[in-house]
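**Student:** My questions will all concern the structure given below.
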């Protein structure tokens with residue numbers, strides 16, 4: 019493993035530590051690796067060492083390169099300085115992706131507490147978005163962020179259609195960053211149809227990091243530390259994993275349906291298709307069925323895709339193709 | 019294991035299956051057992067066998083007695099019939115607790131989908147509340163429940179201060195019961211300071227039950243089936259577990275703080291205490307500190323307890339006791 | 019779930035409890051299930067309830083039917099009575115396989131302590147062999163079995179080429195059945211090239227069963243209870259698992275190589291092939307290579323197959339086929 | 019984390035990489051850390067990078083310092099050069115324990131394949147023994163080691179009473195180092211009453227290292243990678259773990275009984291005590307009981323301690339103390 023250290027901004031004391039792993043050779047078909055960019059917490063007043071190296075280790079074990087960004091703090095943290103620091107770091111990583119053997123579209127950001135706020139902002143409002151975001155007991159809402167960095171925005175309100183898949187974890191008994199922060203963010207993700215996974219553990223103080231005993235996990239429930247392995251498993255699902263043939267495709271798409279694709283298609287939800295006059299005419303037979311003896315309650319229309327509905331109804335592959343062809347002729351607006 | 023079968027309501031075809039385990043003898047110090055009451059799903063139109071026995075097995079393995087309630091369905095399900103069925107079952111179980119070797123205050127209800135709605139109603143509005151509730155991809159909101167049982171209420175709106183601790187799990191890609199149902203319920207629990215744990219998995223269709231391969235888990239992420247062991251671990255935390263001395267005390271209290279105790283105390287939050295004139299006078303020194311150079315941001319006041327605050331400030335045990343004595347003289351209103 | 023109870027031998031008080039799960043219907047493509055036959059321990063003096071139902075539950079959860087055999091004990095246990103009891107039970111199960119929806123070649127036996135001895139005898143010397151055997155802290159050696167049932171044989175000495183794959187677990191600190199029993203059995207399995215998996219935990223008293231807290235696991239290391247899930251995962255590997263298409267093929271063959279197949283083939287080990295004059299002549303080029311600059315040390319010859327060796331050497335698929343054709347013309351003696 | 023690199027022997031190209039973690043400060047009560055010394059495999063011909071950094075990461079995450087020794091190879095590996103390299107490394111680590119914040123009696127050695135042979139030799143015949151040893155698919159027997167390094171000894175034959183607790187894992191289908199190597203070592207440990215834990219997985223090729231996907235785990239059973247977390251859990255048991263008060267005591271003693279203590283005591287086995295004339299006279303009442311209607315079969319005498327036996331018999335604490343006092347007056351020879 020090679021360790022590199024870069025000063026990104028001398029005046030603001032911003033720096034990036036890189037742990038770069040070898041490729042090829044004994045690592046056979048692994049010629050590129052995905053990467054994580056870690057943003058430690060500390061209320062925008064310090065960057066906690068508890069949320070730096072100890073977080074890098076499990077992702078290194080899983081085959082990722084790891085970067086740790088120590089961003090603008092205290093007086094230097096006036097917004098958007100920390101977000102600019104993130105963008106500078108992410109640009110640097112993507113620009114060096116060939117040299118450092120990084121797959122540039124498989125880079126996840128991981129942030130804790132205030133670093134979780136910064137990671138959420140990276141996922142929702144940065145110019146150089148990450149491909150996935152892991153948020154640990156994040157500061158999210160305007161009310162909470164105001165106590166740490168009054169100039170910083172509410173991250174839940176910034177969720178948009180380009181927000182990357184998010185993995186959010188917290189403890190319900192967090193006494194510094196109330197769990198409602200995480201709930202607000204999840205609710206915003208759900209409203210924008212952004213892929214997410216979430217684990218809220220019943221008990222545990224703020225700042226547990228990986229939950230390893232050596233980081234003092236007193237007072238936390240024993241399930242807490244599972245977030246680490248779960249987040250790696252989830253990254254494999256959304257970014258793709260490793261195999262003896264190199265990197266594999268993601269197991270699941272980020273989109274829950276086809277509603278945001280360039281044209282309409284079978285994977286759009288029924289509700290979405292029926293709101294489009296052209297598609298509605300094309301699917302007139304369906305809306306009839308839906309009013310009649312459909313097995314799907316109307317609430318389900320919101321989330322069920324046309325493909326699911328027609329498959330349940332026993333429509334064959336050939337006819338599905340024919341419908342898809344006609345749908346794909348309709349631009350998605 | 020002894021299997022019993024009770025018809026609770028012949029007309030409405032309501033029945034209760036009981037799997038009762040032996041106590042004492044080779045089971046040594048186990049003279050009483052906790053129990054689970056399982057409410058299978060099925061849109062209030064059927065009770066799924068996939069969510070009955072296969073759910074009972076892991077809790078039986080963990081040492082619990084298991085009950086399965088098949089409640090009123092279809093035309094018979096007009097509200098509040100299913101809730102009455104639950105209450106009848108829970109009354110019967112508690113009344114037989116001595117005969118069946120059940121610890122009557124360690125009974126959890128477990129419901130899935132529509133059964134999750136019923137379990138949520140049991141937790142929030144029944145006369146005979148369970149001690150914990152496990153809700154799997156539950157129907158919660160008025161909008162969704164309306165599609166299955168128009169007469170049934172929104173369970174999130176019913177959360178009250180007596181609601182038991184809840185464990186909520188779901189998949190984000192559920193295409194029959196949108197994940198917003200779970201998010202609404204969690205948000206309501208949080209607002210009422212009810213203890214909870216929650217796991218929302220990124221991918222999986224509706225109705226996965228335990229996620230065992232034999233129940234066809236096609237399309238789900240590999241993390242899904244962890245909810246089973248996690249829920250048992252959580253039950254041990256909130257209800258207590260087993261030891262060579264018999265049942266143990268709960269590891270964590272249901273309450274996040276002392277705000278709902280009979281008198282004020284050190285475990286009340288600062289915000290709560292300051293809202294009480296008597297306590298506010300008593301703690302005048304504290305509000306001063308809080309306005310000054312307190313290490314706690316104002317948002318934290320909402321969740322930080324006085325004990326935590328004073329301990330961080332280095333106040334000794336003796337002085338803490340003195341303050342507690344004076345606080346406990348103030349009735350909680 | 020249907021519970022059945024059969025008296026197999028009234029005089030010797032032998033009986034079989036069956037927990038049979040439904041197939042088809044809501045269980046979709048599951049039209050047959052694998053099964054486990056549980057043999058509780060108790061020194062051939064009793065059958066422990068701790069090692070009966072609590073063991074059935076996890077396999078039931080995993081989709082298996084479960085049977086519990088209470089075999090001949092005490093004065094009635096004179097050998098081979100217990101083995102005859104097993105054979106009677108297994109015959110009954112296989113004969114009813116159609117009626118009970120059992121896949122008759124996917125039946126595992128699970129035994130503990132003295133029941134582990136009986137399970138090991140079932141695996142090695144019965145007329146109606148199981149398809150897999152799980153042995154928990156088993157009595158194996160003549161020295162130990164002599165203390166419990168002087169008429170019973172040493173199970174390690176009975177291992178033969180038809181012995182089924184075995185999963186063996188124990189604790190090193192077992193103070194009733196010394197761990198050397200398990201080591202003897204593993205050594206015998208290895209010598210006969212029988213597939214096995216083994217977990218010996220550092221600490222734990224005798225008779226821990228599943229290791230659940232409700233069975234009093236005082237004094238055991240926390241890793242112990244993993245044997246349950248591991249054994250189910252292993253059964254899926256050696257017997258096959260479940261999918262949305264019904265039962266799946268085993269993931270791994272029981273044989274480590276082709277040495278016991280009807281004819282010679284590429285999956286025979288080099289050592290085995292070179293001991294056959296015909297094959298030796300055919301492979302003369304190989305033995306030369308082996309004496310020369312082969313990358314494989316001579317110890318490896320014992321376990322490396324010809325296919326592996328030639329693949330490493332870069333021999334193409336076509337040439338491999340040609341060699342296999344000629345090898346398959348040679349009968350295995 | 020600080021990375022250091024030391025050339026231990028320039029001529030033989032022996033070097034030591036150190037990954038040292040900070041103590042105190044944000045790491046609170048952690049003022050010293052345990053350490054692991056990693057010995058990669060490679061048939062004494064190379065040191066595999068697959069078994070170096072990727073192995074260090076999980077122990078770093080768990081709070082350990084990590085060292086990687088690249089020892090004498092090829093022509094330089096003539097025995098005992100590699101063992102001398104180990105001893106030089108271990109001496110250096112223990113000598114710097116204060117400077118590097120290492121608890122000098124909590125250092126485990128971890129070796130793979132040929133490195134597993136070296137680790138086994140460190141555990142059994144070195145002058146500067148480790149406190150625990152983790153052996154991955156180790157070369158052990160004279161027959162196998164001969165193929166890699168003819169001058170090197172059989173490690174199983176070297177097991178002695180001072181051998182440290184060992185954790186041994188392997189796969190049964192290893193086609194380069196036959197699993198009998200591990201079985202031989204376990205048998206030797208058992209004969210010498212040395213504490214151990216062992217996991218032999220059913221399927222997996224040689225050289226799987228941590229079993230992470232990025233290291234190409236094709237062909238291994240899914241249970242394989244559990245050895246990593248299990249070994250850390252085991253280290254916590256035998257060396258002690260972490261808490262908010264610093265390092266904790268070991269959970270389990272290395273000795274299975276008191277047979278190797280300086281004087282006799284209640285934790286000696288009955289068999290051992292009866293072989294001592296003085297103790298035999300003292301315990302004459304016991305040997306009588308043992309011949310009579312004792313609940314313990316004679317095989318158990320070998321492993322049951324006097325304390326267990328008397329406790330089962332209902333002897334009170336006071337009387338136990340009296341017997342212990344008299345036993346402790348007898349020197350253990």
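Residue numbers (the working numbering), protein chains in the order written: chain F, 19 to 351; chain C, 19 to 351; chain P, 19 to 351; chain X, 19 to 351.
From the three backbone atoms N, C-alpha and C, an ideal C-beta is built for every residue, glycine too.
1. Consider the Cβ of residue 132 of chain X: report whether some Cβ of chain F lies at a distance smaller than 9 Å.
2. Going along chain C in order, which residues have a C-beta closer than 7 Å to the C-beta of residue 240 of chain F?
3. So which residues of chain X does residue 80 of chain F contact, with C-beta pairs closer than 9 Å?
4. Can you find at least 3 beta carbon pairs, one from the segment 48–58 of chain C and one from the segment 157–175 of chain C, that sit closer than 8 Å?
5. Using a Cβ-Cβ cut-off of less than 7 Å, list which residues of the segment 193–210 of chain C approach chain F; keep chain order.
6. Between the C-alpha atoms of residue 113 of chain X and residue 129 of chain X, what's the straight-line distance to the nearest angstrom?
7. Which bits of chain F does residue 66 of chain X rub up against, with CB to CB less than 9 Å?
8. For residue 320 of chain P, go through chain X and note every residue whose CB falls closer than 8 Å to its CB, in chain order.
9. With a cut-off of 9 Å, does the C-beta of residue 93 of chain F fall near any C-beta of chain C?
10. Between the segment 229–246 of chain F and the segment 33–50 of chain X, can you find at least three pairs of beta-carbon atoms closer than 8 Å?
11. Checking 9 Å against the spacing of the C-beta atoms, do residue 270 of chain F and residue 221 of chain C come in under that value?
12. For the segment 139–181 of chain C, list the beta strand (DSSP E) runs that are entirely contained and at least 3 residues long, ordered along the chain.
13. Determine the contact status of residue 262 of chain C and residue 350 of chain C, defining contact as a CB-CB distance below 9 Å.
14. For the segment 96–130 of chain C, which residues have a CB atom closer than 9 Å to at least one CB atom of chain F, in sequence order?
15. In chain P, which residues lie less than 9 Å from residue 21 of chain C when you measure between Cβ atoms?
16. Strictly by DSSP, which residues pair up with residue 54 of chain C?
17. Decide yes or no for the touch test of the segment 186–194 of chain F against the segment 182–200 of chain C: beta carbon pairs closer than 8 Å, at least 3 of them.
18. Who are the neighbours of residue 191 of chain F on chain C, taking C-beta pairs under 7 Å?
19. Classify residue 36 of chain X as helix, strand or coil using the three-state DSSP reduction.
20. Given that residue 72 of chain F touches chain X, what residues does it touch there, using C-beta distances under 7 Å?
21. Assuming residue 31 of chain F and residue 94 of chain F make a contact with CB atoms under 8 Å, what is their CB distance in whole Å?
22. With a 10 Å radius around its C-beta and 16 neighbouring C-beta atoms as the bar for buried, classify residue 282 of chain F as buried or exposed.
23. Considering only the beta carbon of each residue, do residue 259 of chain C and residue 50 of chain C sit closer than 9 Å?
24. Is there a Cβ of chain C sitting closer than 9 Å to that of residue 177 of chain F, yes or no?
25. Take residue 68 of chain X and list the residues in its own chain whose beta-carbon comes closer than 6 Å to its own, dropping the five residues that flank it on each side.
26. Chain C partners of residue 248 of chain F, CB-CB under 7 Å?
27. Name the residue from C:78, C:150, C:58 and C:83 whose alpha carbon lies nearest to the alpha carbon of residue 268 of chain C.
28. For the structure I just gave you, are there three or more beta carbon pairs, one from the segment 72–85 of chain X and one from the segment 204–222 of chain X, closer than 8 Å?
29. Which value, in whole angstroms, describes the spacing of the CA atoms of residue 21 of chain C and residue 98 of chain C?
30. Identify the continuous beta strand (DSSP E) that holds residue 202 of chain C and give its terminal residues.
31. Measure from the alpha carbon of residue 118 of chain P to the alpha carbon of each residue in P:23, P:332, P:83 and P:242, then state which is nearest.
32. So what does DSSP say about residue 195 of chain F, is it helix, strand or coil?
33. Tell me the DSSP secondary structure of residue 327 of chain P in three-state form.
34. For residue 298 of chain C, report the span of its alpha helix (DSSP H) as first-last.
35. From the DSSP output, in three-state form, read off residue 26 of chain C for me.
36. Given a threshold of 16 other Cβ atoms within 10 Å of its Cβ, counted over all protein chains shown, does residue 148 of chain C qualify as buried or as exposed?
**Tutor:** On the basis of the coordinates in this document:
1. Taking Cβ atoms only, chain F never reaches closer than 9 Å to residue 132 of chain X, which makes this a no.
2. Identification of chain C residues near residue 240 of chain F by a Cβ-Cβ cut-off of 7 Å yields 251, ordered along the chain.
3. Result: 75, 230, 231 and 232.
4. Fewer than three Cβ pairs drawn from the segment 48–58 of chain C and the segment 157–175 of chain C lie within less than 8 Å of each other, which leaves the two stretches out of contact.
5. For chain F, the residues of the segment 193–210 of chain C that bring a beta carbon within less than 7 Å of one of its beta carbons are 193, 194, 196, 197, 198, 201, 204, 205 and 208, in chain order.
6. Each residue's alpha carbon lies about 22 Å from the other.
7. Within chain F, 44 have C-beta atoms less than 9 Å from the C-beta of residue 66 of chain X, given in sequence order.
8. The answer, in chain order, is 196.
9. The beta-carbon of residue 93 of chain F is placed no less than 9 Å from the nearest beta-carbon of chain C.
10. They touch, by the three-pair rule.
11. In this structure, residue 221 of chain C lies closer than 9 Å to residue 270 of chain F by Cβ.
12. Within the segment 139–181 of chain C, the complete beta strand (DSSP E) runs of at least 3 residues are 150–154.
13. No, these two residues do not count as a Cβ contact at 9 Å.
14. With the criterion set as a beta carbon lying under 9 Å from some beta carbon of chain F, the segment 96–130 of chain C has no members that meet it.
15. Result: 19 and 21.
16. DSSP output for residue 54 of chain C lists C:84 and C:126 as bridge partner(s).
17. Contact fails: fewer than three Cβ-Cβ distances are below 8 Å.
18. In chain order: 274.
19. Here residue 36 of chain X sits in strand by DSSP.
20. Simply 79.
21. Contact between residue 31 of chain F and residue 94 of chain F holds: their C-beta atoms lie close to 7 Å from each other, under 8 Å.
22. By the neighbour-count rule (16 or more Cβ atoms within 10 Å), residue 282 of chain F is buried.
23. By the CB criterion at 9 Å, residue 259 of chain C and residue 50 of chain C fall outside the cutoff.
24. Under the 9 Å criterion on CB atoms, residue 177 of chain F is classed as non-interfacial with respect to chain C.
25. Close CB contacts of residue 68 of chain X within its chain, under the 6 Å cut and outside five residues either way in sequence, are with 227 and 233 (chain order).
26. Per Cβ cutoff of 7 Å: 241.
27. Shortest Cα-Cα distance from residue 268 of chain C to any of C:78, C:150, C:58 and C:83 involves C:150.
28. Not touching, per the Cβ criterion.
29. Counting only the Cα atoms, residue 98 of chain C lies some 28 Å from residue 21 of chain C.
30. Note, residue 202 of chain C: premise wrong, no beta strand (DSSP E); alpha helix (DSSP H) at 198–209.
31. That would be P:83, whose Cα lies nearest to the Cα of residue 118 of chain P.
32. The three-state reading of DSSP puts residue 195 of chain F in coil, since its state is none of H, G, I, E or B.
33. Helix, per DSSP.
34. For residue 298 of chain C, the enclosing alpha helix (DSSP H) stretches over residues 295–300.
35. Under the three-state reduction of DSSP output, residue 26 of chain C falls in the strand class.
36. The residue in question, residue 148 of chain C, is buried, as its Cβ has 16 or more Cβ neighbours within 10 Å.
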